[in-house]
Structures are given as C-alpha cells and as structure tokens.
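Visitor:
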Amino acid sequence: MQLLWHIIKKSVTDLWDEMLLLVLFNVIWVIGAALLIPLPLVTFGLVFIAHDVAAGRGIKFGRFWGYARRYWKEAYIWGLFNGAVLGVFAFNIAFYGGLAASWATLAQAVFLALTMLWLVWQLVVVTLYPRLVEPRFKLAGQNAAILIGKNPVIVLLVTLVVAVLLVVTAFAPALGLGVTVSLIVLLVTNTVDMLLKKELPPPENKL
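Pasting the structure below:
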C-alpha cells in the first residue's frame, strides 16, 4: 500500500506541476479518440510526454507532436493490432450475449474478462515504449507480460485506481475532457518506472 500511495502522490504532483500543458494534451487526446484515426498518434504523444514529466524533464507543446511524428509507424502498428483484437472480443461479447443458453453467458463472461486483461496489459505495453532501445510491439508486449507477472498485486491495485477514476469521470465528464487520461497515463508511467527500478540497475532502466 505504501508503494501505491507513493505512485498516486507522485502522479498527482506531476499533473499539478505541468497542469496547463497536460490539460491541453488531454483535450487533444479526447478529440483524437473521437476522430479515431489520430488515436494512436495522440496516445503515443501523451505517453512519451508523460515519461518526460515523470522523469522531471520540462515539456513543450511542440514536443508532443514531435513524438507523434517520430513514432507514427510504431503507433499505428500498436493501434491496428489493438483494434483487431478488441474487435474480435467485441464481436464475441455481442454474439454470446444474444444467445439464451447458460453456457453462452459463461462464454460472454470469459470474453469480458479477456478484454479487461488485454486493456490492462496494453496500458503497460504502450507505457513501455519510451523505455525501449528498439521500440517494437513484440518486445514491449513481452516485457509488459514479465513486469505484470512479477508484480501482479501492485498492477491490480493501480488498475483499481484507474477504474475508480473512470467511474468518477462517468459522473463528471468535465474531468474526462480535462485531466482523466493524463492522470491515468501518469499513474501507469510512474508504476512502470518504480517497478523497473526494482528489475533493472540504474541509471539505464532501459529494456
């Protein structure tokens, strides 16, 4: 619990220190998500910016777009792969939800659980990209699985915090527009940073 509190405290402090730009980037992310096509680009821009903020580096508006342009290929590989997998999950959830059999309810629950696990995994995957010497989806996925497997409790606790933020945002949409996504990315970023410090010798913390 002490580690969780430290992660939350640092993430809120990071958000406060760079509030103006992070709110702006949050709005850009929401717009990108609504338009769908730019979603991978703005996601990578925000993830790399959050990495800079967590490391204590100053950020600028242009750097967000610089990261998006530099890693556009990696962003769309990640985005297309996720779109395909989540599309399969959504189809199966809807398909089994339309059946009356009891086994169909179980199958639907399985795919719902797989969707939740996939989303948690992908939060860690995308947050690992700034730390990779060679930012590739397969490498990020492997390292994310190892990191989660070695630290399931803290990952679960941070996931619960993210879930609470999403529930609160559902009742206060202005939070979603202004800070929720930036805060979630900072939470996962700081979680990954602290877990990597246990696994890798400083000062590299590179995979």
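Residue numbering for the sequence shown follows our numbering, beginning at 3 and increasing consecutively. Backbone N, C-alpha and C define an ideal beta-carbon position, used for all residues, glycine too.
Taking buried to mean at least 16 other C-beta atoms within 10 Å of its own C-beta, is F173 buried or exposed?
Guide: As a first step, residue 173 is located in the sequence shown; it is residue number 171 there, counting from the start. The residue in question, F173, is exposed, as its Cβ has fewer than 16 Cβ neighbours within 10 Å.
Visitor: Can you give me the Cβ contacts of V87 inside the same chain, cut-off strictly under 8 Å, excluding the 5 residues immediately before and after it?
Guide: On the sequence shown, position 85 is the one that residue 87 refers to. Within the same chain, V87 has close Cβ partners W120.
Visitor: Flag this pair as yes or no: are the beta carbons of F27 and E76 separated by less than 9 Å?
Guide: In the sequence shown, counting from the first residue as 1, residue 27 sits at position 25. In the sequence shown, counting from the first residue as 1, residue 76 sits at position 74. No, the pair does not count as a contact, with Cβ atoms beyond the cut-off.
Visitor: In terms of alpha-carbon separation, which member of L198, R138, Q4 and V29 lies closest to L177?
Guide: Working through the sequence shown from its first residue, we reach residue 177 at position 175. Nearest of L198, R138, Q4 and V29 to L177, Cα basis: V29.
Visitor: If I'm right that G143 touches V127 with Cβ under 8 Å, what's the distance once you round it to whole angstroms?
Guide: Counting from 1 along the sequence shown, the entry for residue 143 is found at position 141. Counting from 1 along the sequence shown, the entry for residue 127 is found at position 125. With 8 Å as the limit, G143 and V127 qualify as a contact, their Cβ atoms being about 5 Å apart.
Visitor: Are there three or more Cβ pairs, one per stretch, closer than 8 Å when the region 157-172 is compared with the region 182-197?
Guide: Taking 8 Å as the limit for Cβ pairs, the verdict is that the region 182-197 does touch the region 157-172.
Visitor: Work out the CA separation of I186 and L130 for me, nearest whole Å.
Guide: For this step, residue 130 is matched to residue 128 along the sequence shown. For this step, residue 186 is matched to residue 184 along the sequence shown. C-alpha separation (whole angstroms): 14 Å.
Visitor: Take every Cβ of the region 82-99, pair it with every Cβ of the region 55-69, and state whether three or more of those distances are shorter than 8 Å.
Guide: The region 82-99 is not in contact with the region 55-69.
Visitor: When the Cα atoms are used, what is the spatial distance from T107 to L114?
Guide: Taking the first residue of the sequence shown as position 1, residue 107 is located at position 105. Taking the first residue of the sequence shown as position 1, residue 114 is located at position 112. Cα to Cα, the separation comes out at about 10 Å.
Visitor: Rounded to the nearest angstrom, how far is the Cβ of N192 from that of S13, given a contact under 8 Å?
Guide: On the sequence shown, residue 192 is found 190 positions in, with the first residue counted as 1. On the sequence shown, residue 13 is found 11 positions in, with the first residue counted as 1. N192 to S13, Cβ: 5 Å. Contact.
Visitor: Which ranges does the alpha helix (DSSP H) cover as unbroken runs of at least 4 residues, wholly within the region 54-100, from first to last along the chain?
Guide: Runs found: 63-72 and 74-99.
Visitor: State the CB to CB distance for the pair M196 and L5, rounded to an integer number of angstroms; the pair is presumed to be in contact (CB under 8 Å).
Guide: For the purposes of this step, residue 196 is taken as the residue at position 194 of the sequence shown. For the purposes of this step, residue 5 is taken as the residue at position 3 of the sequence shown. M196 to L5, Cβ: 7 Å. Contact.
Visitor: Mapping the DSSP letters down to three states, classify M21 as helix, strand or coil.
Guide: Taking the first residue of the sequence shown as position 1, residue 21 is located at position 19. DSSP places M21 in helix when its eight states are reduced to three.
Visitor: What residue range is occupied by the uninterrupted alpha helix (DSSP H) comprising M196?
Guide: In the sequence shown, the residue the question calls residue 196 occupies position 194. Residues V183 to E201.
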